[in-house]
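Take the sequence shown: its position 135, counted from the start at 1, is 135 in the numbering used here, and no numbers get skipped.
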Amino acid sequence: MLIMTNLEYTQRRIRELTDTSEQYFGRALEITDLHFDDINAPHEALISILSDKQGYTYALVVAGSRPQPYRDLRKYLKSAGLEVLKMYPPHNDQEYFVRRGREIFLQAYPGRTHWTELEKNYYTSLAPCQAAMAKIDPHFRELYRFNEIAGRWQRSYDQQDIEAVLMPQLSYGYQQGSLA
1 MLIMTNLEYT QRRIRELTDT SEQYFGRALE ITDLHFDDIN APHEALISIL
51 SDKQGYTYAL VVAGSRPQPY RDLRKYLKSA GLEVLKMYPP HNDQEYFVRR
101 GREIFLQAYP GRTHWTELEK NYYTSLAPCQ AAMAKIDPHF RELYRFNEIA
151 GRWQRSYDQQ DIEAVLMPQL SYGYQQGSLA
């Protein structure tokens with residue numbers, strides 16, 4: 001009975017994550033495996049690590065009760081020990097971060113019409129996001145979670161744990177440097 005309950009939960013989560021990737025990111029992922037789920041990140045954010053039919057590995061980080069700056073969600077993935085290969089904008093809108101960054105910039109400087117490249121990079125990183133999705137390198141060695149009580153990241157899984165979960169997927173599908 002417990003195994004069936006775990007299987008049902010995993011299938012439900014895969015459906016939820018598939019729906020999230022389609023509705024929020026405009027990407028129809030055919031998720032085959034949910035490797036790690038609900039990894040704690042700061043401010044009630046949660047990270048899930050999954051693979052699709054093509055063998056690519058993705059991380060999905062969902063903000064807590066309110067949107068968080070894009071740069072924070074990206075930083076959570078790095079702090080969790082994941083190497084981001086590519087980030088996907090909400091609704092597959094390639095101008096989302098620039099447009100929202102421009103809005104934030106104009107709120108701070110309403111009289112300015114031009115921004116420097118440095119200002120553009122900074123303000124686009126402040127674009128609010130409810131979730132972030134990234135294609136990640138599946139060969140990560142450690143996985144960290146955020147401990148709210150201690151206020152710091154701590155290792156949850158070492159290389160042996162990760163290999164035990166990911167080994168079937170690492171034997172196919174991933175080509176170094178390939179970013180579909």
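The beta-carbon is built from N, C-alpha and C at its ideal position, and this holds for glycine as well.
Just so it is clear, the structure is predicted and the values come from calculations on it, not from any experiment.
Worksheet item: Between the Cα of L118 and the Cα atoms of A131, R102, P128, M133, which residue gives the shortest distance?
Response: Counted from its first residue, the sequence shown places residue 118 at position 118. When only C-alpha atoms are compared, the closest one is R102.
Item to complete: List the DSSP bridge partners of Q154.
Response: What you label residue 154 is simply residue 154 of the sequence shown in a count that begins at 1. The partner list for Q154 (beta bridge, DSSP) reads R145.
Item to complete: Please confirm if the region 135-151 is in contact with the region 61-73, defined as three or more CB-CB distances below 8 Å between the two stretches.
Response: no
Worksheet item: Between which two residues does the alpha helix (DSSP H) carrying A28 extend?
Response: As a first step, residue 28 must be located in the sequence shown, where it is residue number 28. Run containing A28: none; DSSP gives neither H nor E here.
Item to complete: Name the two residues that bound the continuous beta strand (DSSP E) containing Y88.
Response: Translated into the one-based positions of the sequence shown, residue 88 becomes position 88. Counting along the chain, the beta strand (DSSP E) containing Y88 begins and ends at 84-88.
Discussion item. Can you tell me whether G151 is buried or exposed? The criterion is at least 16 other CB atoms within 10 Å of its CB, across all chains shown.
Written reply: Position 151 of the sequence shown, counting from 1, holds the residue named residue 151. It counts as exposed.
Worksheet item: Quick one: what does DSSP say K53 is sitting in, helix, strand or coil?
Response: The residue labelled residue 53 in the question sits at position 53 within the sequence shown. Three-state DSSP puts K53 in coil, outside helix and strand.
Practice prompt. May I ask you to report which of helix, strand or coil DSSP gives D38?
Written response: Locating residue 38 in the sequence shown gives position 38, counting from the first residue. Three-state DSSP puts D38 in a strand.
Worksheet item: Per DSSP, which one or two residues make a beta bridge with Q68?
Response: Here the question's residue 68 lines up with position 68 in the sequence shown. Q68 is bridged to C129.
Worksheet item: Rounded to a whole number of angstroms, what is the C-alpha to C-alpha distance between Y56 and T18?
Response: Residue numbering aside, residue 56 sits at position 56 when the sequence shown is read from its first letter. Residue numbering aside, residue 18 sits at position 18 when the sequence shown is read from its first letter. Spanning the two alpha carbons is a distance of roughly 14 Å.
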